[in-house]
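So that you can map any letter, position 236 of the sequence shown is 241 in my numbering, and since no number is skipped, the others follow by simple counting. Ideal Cβ positions, reconstructed from N, Cα and C, are used throughout, including at glycine. All of these numbers come straight from a predicted model, not from anything done at the bench.
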Amino acid sequence: MFHRQVGELLGDGLEALADVIETGVPHARSLDFTAMPTTPQPLTHEWVGFEEPDGTTWLFDATFLLSSWTCIFGNGCKGVLTADATELGQGCCSYGAHFADKADRKTVADAAKRLTADVWQFAAETKSDGGPITRNADGDWVTRQIDDACCFLNRPGFPGGAGCALHSAALAACERPMDWKPDVCWQLPLRLISETDQNGHVTNTLREWKRRDWGEGGDDFHWWCTETHEAFVGSRLVYQELRDEIVELVGDTAYQWFVDYATNRQRRGLRPHPAVQSAVQPVPAPTRRRSTTS
Ligand code: SF4
6 MFHRQVGELL GDGLEALADV IETGVPHARS LDFTAMPTTP QPLTHEWVGF
56 EEPDGTTWLF DATFLLSSWT CIFGNGCKGV LTADATELGQ GCCSYGAHFA
106 DKADRKTVAD AAKRLTADVW QFAAETKSDG GPITRNADGD WVTRQIDDAC
156 CFLNRPGFPG GAGCALHSAA LAACERPMDW KPDVCWQLPL RLISETDQNG
206 HVTNTLREWK RRDWGEGGDD FHWWCTETHE AFVGSRLVYQ ELRDEIVELV
256 GDTAYQWFVD YATNRQRRGL RPHPAVQSAV QPVPAPTRRR STTS
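Right under this line is the structure:
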């Protein structure tokens, strides 16, 4: 059922050249994805979409999902401060996490109760300060900060291990870190945006978390992992590596559709992610033109 509709959406069916939307390249059907260009090219993303029976549109950032991005926390991640902060080992935990809703807060509050001091460096300080969940100056619910980073972040040298205490404890309990951590923490670097137009039509877009998604502060980051080649060193493709996270965001049906698409798409060869392209070719002047869905 879905394949038939996908074929309608793509025009030529799954085996044919997909109808893609590329930022900066409005009509990309004739692009040769198998060869690296010898002259500067726009640093593009390939998008693919399908429609569900109820009319809901799904759009996927195929370039990112078919890339080798991987989280390099503790393996070269430079952090999200205004200067290279590799040695601090904070990853993107420098500002704490914003909670999505009450259920998100409850997940973390319950998980925090399962942490012991041998796996959570700041257990005592956090409890004496009022607990791991608090409101910031803007009134938003966030994780508390201790020593200029998230209270759950164990620092380098902590005997229980550096990194997110929630993440480590979840793995030790043979459970999924996403069931212990704030939503934003397990979703990064994925970003799902749902938009409803004036006619009630819903479009869900799954793409990479971009610097701009951090808000105004993102412009000041010294480094961001989805736009630099250092993090594109994974041994598996993103849609495989982050299967559980993607399914949690889009559901089994949409994920399986993308898997079917990706399997066929890889046979034609993939153009590298712009972060990788920019590492091997001159970068043309950026345009401000953007997809209307991202
Ligand atoms: S998601 Fe990116 S910024 Fe955050 S720890 Fe991983 S590599 Fe670093």
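Close CB contacts of Phe65 within its chain, under the 6 Å cut and outside five residues either way in sequence, are with Val53, Leu211, Phe263 (chain order). For Thr268, the enclosing alpha helix (DSSP H) starts and ends at 257-270. Residue range 243-246 is occupied by the alpha helix (DSSP H) that includes Glu246. In this structure, the CA atom of Ser99 is about 42 Å from the CA atom of Pro58. Burial state of Arg276 is buried, judged by a 10 Å Cβ sphere holding 16 or more other Cβ atoms. Bounds of the alpha helix (DSSP H) holding Val189 are 188-192.
Taking 9 Å as the cut-off, the beta carbon of Lys186 is found closer than this to the beta carbon of His172.
In this structure, the beta-carbon distance from Arg196 to Asp218 falls below 9 Å. Leu176 counts as exposed, since fewer than 16 other beta carbons sit within 10 angstroms of its beta carbon. With respect to the 9 Å criterion, Ala90 and His227 are classified as neighbours on the basis of their beta carbons. Between Ser73 and Gln271, the alpha-carbon positions lie close to 13 Å from each other. In the displayed model, Gln203 falls within coil according to three-state DSSP, outside both helix and strand. Relative to the ligand SF4, the nearest heavy atom lies less than 8 Å away from the CB of Val85.
In terms of Cβ geometry, Tyr260 and Arg241 do not form a close pair [threshold 9 Å].
Arg160 places its beta carbon less than 9 Å from that of Leu93. With contacts defined as CB atoms closer than 9 Å, Cys97 and Val113 fail to qualify as a contacting pair.
For His103, the closest alpha carbon among the candidates Gly220, Val243, Asn269, Ala280 is that of Gly220.
The residue from Val124, Asn204, Cys179 with its alpha-carbon nearest to that of Gly166 is Val124.
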